[in-house]
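For reference, the structure is listed below as structure tokens.
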Amino acid sequence: MRLPALWLLIRRDLRRTRGALVTSGFGIAAGTAALVFFLALGLGVRAVLLGEVFPIDQIELEPPKQGDPGLLGLLVGTGGPTGIAPESLRDLAAVPGVTAVDPKLRFAFPSSGRGGKEIFGYDVGTSELLGDGIEPALTRGEPVGSIAFADPLDHPGAACSDDGGCAAPQYCERASGAPAGVCSEPVPVLVSRYLVEIFDKSLAPAHGLPPIGETLVARARGVTFALRIGESLLGRAKVGAPRTVRARVAGISRRAVDLGITLPLPVVRRWNREYAGEAAANSFSSVVVRADDAAAIGRVLERGKALGLEPHDTRARDVSVLISGLMALLSLVAGVILVVSASNIAYTFRVLVNDRRGEIALYRAVGATGADMRAWMLGLAAAVGLAGGAAGLVVARLLALGADALAARKLPDFPFKPASFFAFPPWLWAAGLGFAALFAALGALAPARRASRVEPASALSGS
Amino acid sequence: MIRATALRKLHGDARAPRAALDGVDFAVEPGDFVAVLGPSGSGKSTLLALLGGLDRAYEGRLELFGNDLRGLGDAALARLRGARIGFVFQSFHLLAHLSVLDNVLTPALFADSRDDLRPRALALLARLGLANRESDPPTELSGGQRQRVAIARALLRQPDLVLCDEPTGNLDAETGERIVELFRELHREEKLTLVVVTHEERLARAATRTVRLRDGKIDRGDA
Chain P
2 MRLPALWLLI RRDLRRTRGA LVTSGFGIAA GTAALVFFLA LGLGVRAVLL
52 GEVFPIDQIE LEPPKQGDPG LLGLLVGTGG PTGIAPESLR DLAAVPGVTA
102 VDPKLRFAFP SSGRGGKEIF GYDVGTSELL GDGIEPALTR GEPVGSIAFA
152 DPLDHPGAAC SDDGGCAAPQ YCERASGAPA GVCSEPVPVL VSRYLVEIFD
202 KSLAPAHGLP PIGETLVARA RGVTFALRIG ESLLGRAKVG APRTVRARVA
252 GISRRAVDLG ITLPLPVVRR WNREYAGEAA ANSFSSVVVR ADDAAAIGRV
302 LERGKALGLE PHDTRARDVS VLISGLMALL SLVAGVILVV SASNIAYTFR
352 VLVNDRRGEI ALYRAVGATG ADMRAWMLGL AAAVGLAGGA AGLVVARLLA
402 LGADALAARK LPDFPFKPAS FFAFPPWLWA AGLGFAALFA ALGALAPARR
452 ASRVEPASAL SGS
Chain G
-5 MIRATALRKL HGDARAPRAA LDGVDFAVEP GDFVAVLGPS GSGKSTLLAL
45 LGGLDRAYEG RLELFGNDLR GLGDAALARL RGARIGFVFQ SFHLLAHLSV
95 LDNVLTPALF ADSRDDLRPR ALALLARLGL ANRESDPPTE LSGGQRQRVA
145 IARALLRQPD LVLCDEPTGN LDAETGERIV ELFRELHREE KLTLVVVTHE
195 ERLARAATRT VRLRDGKIDR GDA
């Protein structure tokens, strides 16, 4: 049978058997709505958690921690982790699927910061400040603003002995014990969106400060603050003299360390050399490896293990497993609904085939093959499934919109609270329709086989 | 065109089979108008179903248009039926949800060709006196009109052979007479090969040859 003829038969049936088919399609619609709603919820939550909070496509590796060094160890630098050699970075970059290897050099000295008067009206400070250095080239292509993220000493100013000898906002970059320094622009600093979210949703409300948000960072960009290096509330570095340098917010970056500030690597290397010695300057404290999929991260972990490196944080993988498990469970519930609706379809079509034995026999007499009759029933079921599936998709989308609206009104603000908890990629729409048609057709499989086996002679004679 | 040899068909269950046809030898040549006569239960309709390939559970040998029916698969047999055989049934078997025209066009649904058979369907309806009834549902037609719709449906794809099962059985005498006249006309003018199962002598008189069945066996005739 040609397709136009098949479609004509199906259209006629959709008209004359509306009632029974709508009832059958209702179950399919409910199952599809549940499946798509749960999957969209899972995908949405996964996108936020694994895309923003715990990125699954990257892993930070570091040398194993050598036990608790204690406060003294922290201050004097003993017991700290060994560094990562540049050769190890090349090894990791060679792992299939790896798209980027970003080494980091952590502050090997205590530090603190104070500033923010331009935004808050008065200075706020932190008694301990963590900092990482990254290669400036890594931020290329990111909207880090007009302030160059580079070592200010790439273009040193005039010689100086103190900040008074430099024109604001420059400061005198003079290492401990050095006879003289050079005037330097404030050191550019990147922050992460994670840090901004934590500040806006947790710290700002607790201290009565206004949220800075992503839009306000534009205002914060260019704001300078004082960075005290070699000394913090907990103590001083074992070598070098504490001093105050100027830093300037350059913007938000995906490459920035989650908690703390991120500076150009040459700056951190210089300061580590000053306060913790040559070893702390020449090897990296950790490396962030980015890959094109989660599977490649597994290979990175294996290679890292061989190099004596371990993951800094495995929450991404844990969260991924948790979300996948939840999605599987909820999809199973939706699957059960679809199976039940498929059995409903099976019943409806069994009755339909019984009622139409005469019609089927007539079709057989005038030239229909058994396969034609099977195609007719399966096509009709698929059409019912598609219609039910389409209705289910609409219901799922409306439910998601309702849930998002409810969440926006009722849920308190929290870090990374998304505008929508749902993701509806195109493939999800297609999958919803596909599953609906598939389950409907599966339900009609046995009745369709019966239709193809109707004996024309007995059906036409009425026996 | 048709050649049946030692045709045997059993009804009932395996423990108590009953022979509906028992050793029937039968042939139909192109241009024949054969009336198969016999009382109820003599095996007339069973024979017709076998000749049309609607029932494949038989013993003996049955050739249709030179093809041994046993050698044909379901699809090949269906195509042969659709293209070369037309059926007319006692109870018309029209589809109530379709218009008269769509009923006539039913065989076109399963035709392989893309030819538009609508003009032919309309022409057939006009020839059979139903020109202005093509949009009506069959339920609004009289018995005679319904049977003419069924005949138009049987003729749509210009079959070589038309098999009719008690075509006047559900009609009154006058309407039946008109249908008989129609068959005579179709045979005379279109050179249509007809096999008509009936228990009515007036229809048999219209045929060029008669075959009588009794208890599943040929009783008299020139098969």
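Those sequence lines, one after another, are chains P and G. Note that my numbering has the first sequence beginning at 2, numbered continuously upward. Note that my numbering has the second sequence beginning at -5, numbered continuously upward. Backbone N, C-alpha and C fix where the C-beta goes; we use that ideal spot for every residue, glycine too.
Using a beta-carbon distance below 8 Å, is Pro129/G in contact with chain P?
The question names Pro, yet the displayed sequence has Ser at residue 129/G. Chain P, which has no Cβ nearer than 8 Å to the Cβ of Ser129/G, makes this no.
Looking at the structure shown, is Val301/P part of a helix, part of a strand, or coil, going by DSSP?
In the structure shown, Val301/P sits in a helix (DSSP, three-state: H, G or I).
DSSP on Gly138/G, reduced to helix/strand/coil?
Helix.
Quick check: is the beta carbon of Leu412/P nearer than 8 Å to any beta carbon in chain G?
Not an interface residue.
Quick check: the region -2 to 14 of chain G against the region 45 to 54 of chain G, are there 3 or more CB pairs under 8 Å?
Contact holds: three or more Cβ-Cβ distances are below 8 Å.
Taking buried to mean at least 16 other C-beta atoms within 10 Å of its own C-beta, is Lys105/P buried or exposed?
Buried.
Once the 5 residues before and after Ala297/P are set aside, which same chain residues still bring their CB inside 6 Å of it?
So the qualifying residues of the chain are Gly98.
Express the C-alpha separation of Ala30/P and Leu45/G in angstroms, rounding to a whole number.
The alpha-carbon atoms of Leu45/G and Ala30/P are separated by roughly 47 Å.
Would you decide whether Ser34/G is buried or exposed? Buried here means 16 or more other CB atoms lie within 10 Å of its CB.
Exposed, by the Cβ-count rule.
Alpha carbon to alpha carbon, how far is Leu157/G from Leu188/G?
So the alpha carbons of these two residues sit roughly 6 Å apart.
Could you give the distance in angstroms between the alpha-carbon of Leu122/G and the alpha-carbon of Ala70/G?
In a straight line, the C-alpha of Leu122/G is about 31 Å away from that of Ala70/G.
Determine, for His193/G, whether the minimum Cβ-Cβ distance to residues of chain P falls below 8 Å.
Cβ-Cβ to chain P under 8 Å: no for His193/G.
Name, please, each residue of chain P whose Cβ falls closer than 8 Å to the Cβ of Arg64/G.
Near Arg64/G there are no residues of chain P at all, since even the closest Cβ is about 16 Å away, more than 8 Å.
Under the three-state reduction of DSSP, which class applies to Tyr52/G: helix, strand or coil?
It is coil, neither helix nor strand.
DSSP three-state call for Gly80/P: helix, strand or coil?
Summary for Gly80/P: the model assigns pLDDT 48, below 50, so the residue's position carries little reliability, and this model does not support an answer.
Note the first and the last residue of the continuous alpha helix (DSSP H) segment covering Ala251/P.
Taken as a continuous stretch (DSSP letters only), Ala251/P belongs to no alpha helix (DSSP H), being part of the beta strand (DSSP E) at Arg244 to Ile253.
What's the C-alpha gap between Gly134/P and Asn273/P?
Near 10 Å, if we compare the C-alpha coordinates of Asn273/P and Gly134/P.
Report all residues from its chain with a CB closer than 6 Å to the CB of Arg256/P; omit the five preceding and five following residues, and keep chain order.
Ile135, Leu139 and Thr140.
Using a beta-carbon distance below 8 Å, is Met328/P in contact with chain G?
Closer than 8 Å: no.
Please list, in chain order, the chain G residues whose beta carbon lies closer than 7 Å to that of Pro457/P.
The contacting residues are Leu48.
Could you check whether the Cβ of Gly380/P sits closer than 8 Å to any Cβ belonging to chain G?
Not an interface residue.
Can you pull the chain G residues whose beta carbon is under 8 Å from the beta carbon of Arg450/P, in chain order?
Within 8 Å Cβ-Cβ: nothing; Arg450/P doesn't reach chain G, min ~13 Å.
Can you name the residues of chain P whose CB is closer than 8 Å to the CB of Gly76/G?
The contacting residues are Val367, Gly368 and Ala369.
Quick one: which unbroken alpha helix (DSSP H) runs of 4-plus residues sit fully inside the region 350 to 438 of chain P? Chain order, please.
List check, alpha helix (DSSP H) in window: 358 to 366 and 371 to 411.
Is Ala144/G close to chain P, meaning its C-beta is less than 8 Å from at least one C-beta of that chain?
Not an interface residue.
Closest by CA to Asp152/P, which one among Ala424/P, Lys411/P, Gly435/P and Arg271/P?
Residue Arg271/P is the option with its Cα nearest to Asp152/P.
Residues of the region 78 to 100 of chain G with a CB closer than 7 Å to any CB of chain P: list them in chain order, please.
Correct list: Phe81, Phe83, His87, Leu89, His91 and Thr100.
Name the chain P residues whose beta carbon is nearer than 9 Å to that of Leu103/G?
Within 9 Å Cβ-Cβ: Met2, Arg3, Ala6, Leu7, Leu9, Leu10, Tyr364, Val367, Gly368, Ala369 and Asp373.
Please report how far the alpha carbon of Pro206/P lies from the alpha carbon of Leu130/P, in whole angstroms.
If I take the Cα positions, the gap works out to 21 Å.
Are three or more beta carbon pairs between the region 184 to 203 of chain P and the region 235 to 250 of chain P nearer than 8 Å?
Touching, yes.
Count the other C-beta atoms from every protein chain shown that fall within 10 angstroms of the C-beta of Arg107/P, then say buried if there are 16 or more, exposed otherwise.
When all chains shown are included, Arg107/P counts as buried.
Are any of the Cβ atoms in chain G nearer than 8 Å to that of Gly20/P?
It does not: the Cβ of Gly20/P has no partner Cβ on chain G nearer than 8 Å.
How would you list, in chain order, the residues of chain C whose beta-carbon sits under 8 Å from the beta-carbon of Arg13/P?
Going by chain labels, chain C is absent from the structure shown, which instead holds the protein chains P and G.
How many Å lie between Val322/P and Gly166/P at the Cα?
Computed Cα separation, rounded: 57 Å.
Please tell me whether Ala(-2)/G has its Cβ less than 8 Å away from any Cβ of chain P.
It does not: the Cβ of Ala(-2)/G has no partner Cβ on chain P nearer than 8 Å.
Does Ala72/G have its Cβ less than 8 Å from a Cβ in chain P?
With 8 Å as the cut-off, Ala72/G counts as an interface residue toward chain P.
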